[in-house]
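Protein chains in written order, with my numbering: chain A, 3 to 93; chain B, 1375 to 1733.
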């Protein structure tokens, strides 16, 4: 695998090139980039790829990671089966 | 003519696109990023099987637009017309569905009653004993909301519309003399200001000095891990307010229809997940092994009488384009197109039921 095939998001099978392409298309804020590429929305919910996304965005747009921020973290922290949830309590 | 559009959701962008197509100079102001609001948080069910007579023709026209606009915009909305099922298990809901069905058929909607067991032909693992009544429309389906917003935005930009994201409007001047909106350090002078700010429309109207009073609704949704294509139609259980469909990425997306809230907030609750999990595993028991990956919530607005608020306010330079309720994704495209006509021609009888002056 050459340099151009760096996988940055394993769940959604995204390469660094594809992320850069999306930024070039104008999806150059983190929330838009996440939605357009699907990065951080797979099984790991960004645990594996969010840092890469921020790094690439920072390099491409010359903004600091602080300026870029992080995506909104959505519950649950880890995937939970519907069967288990259906046994939970309601208010 | 120069128009300022506040809010880059489906309603605002559709209006902006059709205005720009007619040569109007338009600028769109979005407080966050594209898809931040309800147009980016919904589940994309599109059907003309609606309860209100006033909305059905707009849903029918939007369905046509979902088929035709993607090629015009050269942007795939990932729309698939695999049908829409509504089910109920309470007598009053059955009555309402029957009444609505008669209305829909009168207006030319292709919808029919099906036996609960027949749902198994459409959803193989459906537990038909969980419901007592079902209606089905073949000419309905599911759209991926994000590409709808991005596609409309692309169309707008290609026509010269500037979309200012991360730019909140903080002052609106209407009436005689110089009119326009103040956003950031810019004052954009405009002949007409369109308030398509969704749940934030009350606030935008207030700063223009016009009381709106739309209801604020909050809705929660969640998504499972992806599986192979399995669930073709969109399913809405009206008795439990629960809906479910499968995205083109394979996730099962579902939620519970919104309830009115005092103010805008988008917290997610465990209570929702439990209620959703209970009912969805009754309807399709096989789903119980699937895991929820992510949940979120969204807010939208609804007119006081349950109908959208679209048209000239008492000041003709301030146009309401809000209050679309739960069906914004379904009716927004065609409402925006008709609103553009209203703004250009000064009148459009099709929008009369939604006039802000009806209250």
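Cβ atoms here follow ideal geometry from the backbone N, Cα and C, with glycine treated the same way.
Cβ of residue i within 7 Å of any chain B Cβ
i	result
residue 12 of chain A	no
residue 76 of chain A	yes
residue 66 of chain A	no
residue 34 of chain A	yes
residue 87 of chain A	yes
residue 82 of chain A	yes
residue 26 of chain A	no
residue 31 of chain A	yes
residue 50 of chain A	no
residue 42 of chain A	no
residue 57 of chain A	no
residue 69 of chain A	no
residue 20 of chain A	no
residue 37 of chain A	yes
Residue range of the unbroken beta strand (DSSP E) whose run includes residue i
i	result
residue 1390 of chain B	First-last for residue 1390 of chain B: 1384–1395, but that is the alpha helix (DSSP H), not the beta strand (DSSP E).
residue 75 of chain A	From DSSP, residue 75 of chain A is part of no beta strand (DSSP E); its letter is neither H nor E.
residue 1557 of chain B	1554–1557
residue 1764 of chain B	A question about residue 1764 of chain B goes unanswered here, because the residues of chain B that appear run from 1375 up to 1733.
residue 1544 of chain B	1543–1547
residue 1591 of chain B	1589–1600
residue 1717 of chain B	Note, residue 1717 of chain B: premise wrong, no beta strand (DSSP E); alpha helix (DSSP H) at 1702–1719.
residue 24 of chain A	No beta strand (DSSP E) holds residue 24 of chain A; the alpha helix (DSSP H) holding it covers 18–26.
residue 1494 of chain B	Looking at the DSSP string, residue 1494 of chain B is not in any beta strand (DSSP E); the run it does join, the alpha helix (DSSP H), is 1493–1496.
residue 1627 of chain B	1625–1635
residue 47 of chain A	Here residue 47 of chain A belongs to no beta strand (DSSP E), and DSSP marks it neither H nor E.
residue 1724 of chain B	Taken as a continuous stretch (DSSP letters only), residue 1724 of chain B belongs to no beta strand (DSSP E), as it is neither H nor E.
residue 1675 of chain B	1665–1676
Straight-line Cα distance separating residue j from residue i
i	j	result
residue 1726 of chain B	residue 1384 of chain B	21 Å
residue 1561 of chain B	residue 20 of chain A	37 Å
residue 1424 of chain B	residue 1629 of chain B	18 Å
residue 52 of chain A	residue 40 of chain A	11 Å
residue 50 of chain A	residue 1524 of chain B	26 Å
residue 1503 of chain B	residue 1651 of chain B	18 Å
residue 1620 of chain B	residue 1519 of chain B	13 Å
residue 1683 of chain B	residue 1466 of chain B	28 Å
residue 9 of chain A	residue 45 of chain A	16 Å
residue 1707 of chain B	residue 1713 of chain B	10 Å
residue 1618 of chain B	residue 57 of chain A	36 Å
residue 1729 of chain B	residue 62 of chain A	47 Å
residue 1496 of chain B	residue 1607 of chain B	7 Å
residue 29 of chain A	residue 22 of chain A	10 Å
residue 7 of chain A	residue 1581 of chain B	51 Å
residue 1644 of chain B	residue 92 of chain A	8 Å
residue 1474 of chain B	residue 1426 of chain B	8 Å
residue 1664 of chain B	residue 1710 of chain B	38 Å
residue 1702 of chain B	residue 42 of chain A	27 Å
residue 1533 of chain B	residue 1390 of chain B	10 Å
residue 1636 of chain B	residue 1577 of chain B	13 Å
Any chain A beta carbon closer than 7 Å to residue i
i	result
residue 1574 of chain B	no
residue 1669 of chain B	yes
residue 1538 of chain B	no
residue 1645 of chain B	yes
residue 1631 of chain B	no
residue 1810 of chain B	Only positions 1375 to 1733 of chain B appear in this structure, which leaves residue 1810 of chain B out of reach.
Endpoints, the alpha helix (DSSP H) within which residue i is located
i	result
residue 1465 of chain B	1465–1480
residue 1690 of chain B	From DSSP, residue 1690 of chain B is part of no alpha helix (DSSP H); its letter is neither H nor E.
residue 1439 of chain B	1430–1447
residue 1561 of chain B	Per DSSP, residue 1561 of chain B belongs to no alpha helix (DSSP H); it is in the beta strand (DSSP E), 1560–1563.
residue 1523 of chain B	1519–1532
residue 59 of chain A	52–63
residue 69 of chain A	67–70
residue 1576 of chain B	1575–1581
residue 90 of chain A	Run containing residue 90 of chain A: none; DSSP gives neither H nor E here.
residue 1655 of chain B	1644–1657
residue 32 of chain A	32–39
C-beta contact flag for residue i and residue j at 7 Å
i	j	result
residue 1404 of chain B	residue 1547 of chain B	no
residue 1543 of chain B	residue 1380 of chain B	yes
residue 73 of chain A	residue 16 of chain A	no
residue 1575 of chain B	residue 1675 of chain B	yes
residue 1412 of chain B	residue 1624 of chain B	no
residue 1700 of chain B	residue 1653 of chain B	no
residue 1352 of chain B	residue 87 of chain A	Coverage of chain B is limited to positions 1375 through 1733, which leaves residue 1352 of chain B absent and any answer about it impossible.
residue 1409 of chain B	residue 37 of chain A	yes
residue 1573 of chain B	residue 1377 of chain B	no
residue 1570 of chain B	residue 1386 of chain B	yes
residue 1583 of chain B	residue 1514 of chain B	no
residue 1454 of chain B	residue 1516 of chain B	yes
When you compare the region 1618–1632 of chain B with the region 1587–1595 of chain B, are there three or more beta-carbon pairs, one atom per stretch, that lie closer than 8 Å?
Judged by Cβ distances under 8 Å, the region 1618–1632 of chain B makes contact with the region 1587–1595 of chain B, as three or more pairs qualify.
Does the region 1714–1722 of chain B come within contact of the region 1389–1404 of chain B, defined as at least 3 CB pairs closer than 8 Å?
Yes, the region 1714–1722 of chain B touches the region 1389–1404 of chain B.
Stretch pair the region 62–79 of chain A + the region 1524–1537 of chain B: three plus CB contacts closer than 8 Å:
Contact between the region 62–79 of chain A and the region 1524–1537 of chain B is absent, with fewer than three C-beta pairs closer than 8 Å.
Is the region 1426–1434 of chain B in contact with the region 1480–1487 of chain B, if contact means three or more CB pairs nearer than 8 Å?
Segments in contact, yes.
Using 8 Å as the Cβ pair cut-off and three pairs as the minimum, do the region 1552–1572 of chain B and the region 1442–1450 of chain B touch?
The region 1552–1572 of chain B makes no contact with the region 1442–1450 of chain B; the number of CB pairs closer than 8 Å stays below 3.
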